[in-house]
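Right, one structure below, let's go through it.
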Amino acid sequence: MAKFQSLHDAVAENIRDGDTVAYEGFTHLIPHAAAHETIRQKRRDLTLVRMTPDLIYDQLIGMGCARKLIFSFAGNPGVGLLRRLRDSVENGWPHKIEIEEHSHAAMANAYEAGAAGLPCAIFRGYLGAELKRVNPNIKSVTCPFTGEELAAVPAMNPDVGVIHAQKADRQGNVLIEGIVGVQKECILASKRSIVTVEEIVDDLNPHPNACVLPHWTVTSIAQVTGGAHPSYAQGYYPRDNKYYIDWDPIAADRDAFLAWMEENVLKVGPEIFASRVEGL
Amino acid sequence: MAKFQSLHDAVAENIRDGDTVAYEGFTHLIPHAAAHETIRQKRRDLTLVRMTPDLIYDQLIGMGCARKLIFSFAGNPGVGLLRRLRDSVENGWPHKIEIEEHSHAAMANAYEAGAAGLPCAIFRGYLGAELKRVNPNIKSVTCPFTGEELAAVPAMNPDVGVIHAQKADRQGNVLIEGIVGVQKECILASKRSIVTVEEIVDDLNPHPNACVLPHWTVTSIAQVTGGAHPSYAQGYYPRDNKYYIDWDPIAADRDAFLAWMEENVLKVGPEIFASRVEGL
Amino acid sequence: MDYKPDEMMTVAAARALKNSDVCFVGIGAPSAACNLARLTHAPDITLIYESGTINTKPNVLPLSIGDGELCETALTTVSVPEMFRYWLQGGRITIGFLGAAQLDKFGNINTTIVGDYDSPKVRLPGGGGAPEIAVSCGEIFITLKQTPRGMVDKIDFVTSFGFGKGGDERERMGIKTKGPSRLMTDLAIWEPDPVTKEFTVTSLHPGVTRAQMAETVGWEIKYADSVAETPPPTEEELTVLRDLKARTAAAHGGKTA
Amino acid sequence: MDYKPDEMMTVAAARALKNSDVCFVGIGAPSAACNLARLTHAPDITLIYESGTINTKPNVLPLSIGDGELCETALTTVSVPEMFRYWLQGGRITIGFLGAAQLDKFGNINTTIVGDYDSPKVRLPGGGGAPEIAVSCGEIFITLKQTPRGMVDKIDFVTSFGFGKGGDERERMGIKTKGPSRLMTDLAIWEPDPVTKEFTVTSLHPGVTRAQMAETVGWEIKYADSVAETPPPTEEELTVLRDLKARTAAAHGGKTA
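If you want it as structure tokens, here you go:
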């Protein structure tokens, strides 16, 4: 049964040191505010899961929150590489994180299997690809009807799934529209969940086949206007492309990064996000 | 690329004697008109696939079109048993059809795997259930991570998938709304497909995450107003519950059945369906 | 108020449901019971039909598992593969409600055939969702009218698994859910014995005798040490149930589910 | 009209696409080429981005794979698991478009690491959709700028499979799709030799010399018996491409994909 609470309390109650946490969102609806709150609360030893780690993972890793990263594509979309991630993997700053690397198909199937209560996912994957040499979590299964060998990966069941969505109603039912990514699977697969929303409304008025998470599948809901910025919320504000471009030089330098984090994350609270999307 | 044609031509071109044909629709949007056209064209030796065979399968079986039935629940919803199916299985009239029986979960997963291009589906199924004793197409696979034994069934890939939908646009993109069942999976899993629609419109105006089949996934589209009757089309006409109730005594008697089929199927054409939903 | 055994059965089944339950609802008696619960003591109960309709609040009882009413009053409607994968197999359902053509004392159910599978005396509808409902839901409620042909010593086919031959067979098979925890008939309430898992009468409906029970059940009945009398339907329960059935009859043109 | 090598590359890639193609589009050069094709000779081409957007017709090029523009102009948007299961693995895509950080002469691609996997010199973004795009799409088009660091004799890591060590290795592995059938760079068009599967230059862009080619490629280049000269971009192609880039720049606040 979804509990309405502040983002501070939602993170404090649900995300613990050492947890496996998936902050999902496929370009759209990335839960930036929730990731920043996690950094402010100084979580440590997290296993971070995400198909497309981008700025928030660069920030979580650079601030020393992560022990391990499970992912399939780590980049600043349309801009380049993640420099804090590189610094950790290549130079061990602030420490070297462990990497578990998959393909998108594997991650998407792993979340799907996690949501479906299965122990593993099977798919036609990794043919000729070298990841299976370096990732022991890529195995295979033989089709009992055709003899075809299919790739298998363990189901993904994070301790906590974190997403941003357009709205919740007062019972805590959540509506996600547009590019829905793997968010529904992420929440259904996770033991606990935090959903930040743009607004809380009396009635979701959803299309009959819209992507809706019933209130009894969500642990905590926090309203954070603009909480996806610089990602976007379809129907609310567009992607702040300039912010992504500007991130590159900040992330390139350890001191610039730390100063930026101090100013833009540690010293502020979730309410700052509303002002960041004004006029976009 | 979807071809617009009459229902007569769509059935004539796509459904051949001996084919495996799935007429899907989960209570909602059952393609009655297309099944009746198949009966009029006297197809033989069909393997009929459907999660919930109801009146149209009673009719196809009673008229001698079917060699085999693959299914998971055969009944007249809310009314009782299928008397023509029973007469075939219990008494061999007009001939004894072969049965391949699954659970709903197995059929839904088999269509899903078919749509996903996999050779088989795995799921947590049939535990302690006796169907696996009588159906050699129920096997198992061991999870390479946990050792759990999971049920496996072959993917379902019919020669022809047949569904009824609310509308198509002039490019042949198809919109399905409401209870969408396994229709999308059925069409994507099938080698060829026929979609009957209530109407053809300039613009589908779909919700971004609505259930839409792009025109290049559909073989033939035929407009048949009322083509789901006595099933229903959400937004167009309700279910004709009385028709389902009235079917029971007709199906109970071979002569009454044959007379009814002559009058209501063989002597008429698809255009009759429009009049059947008037005033519902 | 006067009531029929059938009404007592529905009321007894409804009472077993909690406000916090997430129910996978079958058509017929289960659907009536679940909606009666929703309209009386469990207004927030979550009802899910296998057609994909989630958190549905039908104003009349559906005739089929996929009536338009279910979709129109649902929070959301998902595809059938998603229903069976994410919602049922995903372990999100607390109560699965099943009926039966044949039931044995260990809660194993047959809805497949009477007689031999290959040349059956009666070809029944088959399992539908039941084989996986029986093992994926937190627990299973069964509801049916007692008849010697329905409640039999040995069922002809195990469509869905209850406790097998009883005892810890279910656990030994690696099944983690509770299984059939309650059987509500027109005459009594039954619960599995904690050790043997045999269905045991824990409550008789008002006026029902043990002789009546013996006539309607094909096995030797076990009674709990202390057998309660089921409280009769309250005026509210009966009024709400009859109103629901009257609305349903009006909507379906004279026939009720 | 004057044009840049980069424009020639995009135009050459666009020309390879047919009106009936269903394309799985990556960001950057592939996205520009696919949309150029759509806005010129292939108006009905189906573009699919891995964010779930199907039959999308963006008016400006997206900066990311999941820009709002892609969803707003799409016929429909599906979930990411559905995209990879029903649409990519389902075998519905005719052309997969890939870029590369490192490419070898058999079309094997590395976008994972430079150096050793466990202690890399450069940690690249990783494979994303590429490992399965490379084998599930009917055929693969590759586009990148020629540099000796990009087109290397031996890639550091096989992120996605092309023809392996060449010959019939792909078929022997049971892969039924064609693999990399065309490589379009800023200097040339390459196609795999029918037998050895080694990428072979079949067309040089106007003014490009074999010396220039040798400087930008880290293996010994094979040329086809008759090497064509790529027709230069037409005025229409250049105008449409530049308009698209200008609209994109305006929309993205001064930066283009």
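Residue numbers (my numbering), protein chains in the order written: chain G, 17 to 296; chain V, 17 to 296; chain R, 12 to 268; chain X, 12 to 268.
Ideal Cβ positions, reconstructed from N, Cα and C, are used throughout, including at glycine.
In this text the structure is predicted, and so the values were computed from the model without any measurement.
Inter-residue Cα distance where the pair is residue i and residue j
| i | j | result |
| --- | --- | --- |
| A38(G) | E53(V) | 51 Å |
| G265(X) | Q113(X) | Residue confidence is low: G265(X) scores 43 on pLDDT, short of 50, so the model does not pin down where it sits. No coordinate-derived value is stated. |
| A18(V) | V217(V) | 15 Å |
| L81(X) | N70(X) | 9 Å |
| C45(R) | A51(V) | 35 Å |
| H24(V) | G243(V) | 13 Å |
| C227(V) | L47(X) | 29 Å |
| A132(V) | V27(G) | 37 Å |
| G79(X) | A49(G) | 20 Å |
| L296(G) | Y253(G) | 6 Å |
| A272(G) | H231(G) | 41 Å |
| V36(R) | T235(V) | 36 Å |
| H120(G) | Q157(X) | 27 Å |
| T227(X) | M20(X) | 15 Å |
| T259(X) | I261(G) | 15 Å |
| E201(G) | P217(R) | 48 Å |
| V33(X) | Q100(R) | 34 Å |
| I120(R) | T170(R) | 6 Å |
| C81(V) | A249(V) | 26 Å |
| M195(R) | T250(R) | 20 Å |
| A268(X) | G91(G) | With a pLDDT of only 37 at A268(X), under the threshold of 50, the placement of this residue in the model should not be trusted; the figure read from the coordinates follows. The straight-line gap from Cα to Cα measures roughly 14 Å. |
| V240(G) | N30(V) | 53 Å |
| L229(G) | I210(G) | 12 Å |
Range covered by the alpha helix (DSSP H) that runs through residue i
| i | result |
| --- | --- |
| W263(V) | 257-268 |
| L81(X) | 79-83 |
| E248(R) | 246-262 |
| L204(V) | 199-205 |
| I210(V) | No alpha helix (DSSP H) contains I210(V), which is instead part of the beta strand (DSSP E) from 208-217. |
Residue environment, residue i, which counts as buried when at least 16 other CB atoms sit within 10 Å
| i | result |
| --- | --- |
| H111(V) | exposed |
| D17(R) | exposed |
| K208(R) | buried |
| K116(R) | buried |
| A222(X) | exposed |
| R102(V) | buried |
| N189(V) | buried |
| S88(G) | buried |
| L282(G) | exposed |
| N173(G) | buried |
Distance cut-off 7 Å: residue i Cβ against heavy atoms of the ligand GTP
| i | result |
| --- | --- |
| G101(R) | What this structure holds is no ligand at all, so the ligand GTP is not there to describe. |
Identified DSSP bridge partners for residue i
| i | result |
| --- | --- |
| W201(R) | L194(R), V212(R) |
| Q113(X) | N121(X) |
| F108(X) | F152(X) |
| A249(V) | Y253(V) |
| S62(X) | According to DSSP, S62(X) bridges with nothing at all. |
| V293(G) | Looking at the DSSP assignment, V293(G) forms no beta bridge with any residue, so it has no partner. |
| V89(R) | Bridge partners of V89(R): none, in fact. |
| V133(R) | V125(R) |
| H44(G) | Y248(G) |
Endpoints, beta strand (DSSP E) assigned at residue i
| i | result |
| --- | --- |
| V33(X) | 33-36 |
| A235(R) | 233-240 |
| L229(V) | 227-229 |
| A238(V) | 236-239 |
| A38(V) | 36-39 |
| R66(G) | 62-66 |
| I115(G) | 114-117 |
is_contact[residue i, chain A] using C-beta, thresh 8 Å
| i | result |
| --- | --- |
| L71(V) | The question asks about chain A, but that chain is absent: this structure's protein chains are G, V, R and X. |
* Can you list the alpha helix (DSSP H) stretches of 4 or more residues lying completely in the region 126-196 of chain V, in chain order? -> 147-150
* Asked: Quick one: complete alpha helix (DSSP H) runs, 4+ long, within the region 152-185 of chain R?
  -> Counting only runs of 4 or more, we get 180-183.
* **Within the region 76-111 of chain V, ranges of the beta strand (DSSP E) (whole runs, at least 3 residues)** => 82-87
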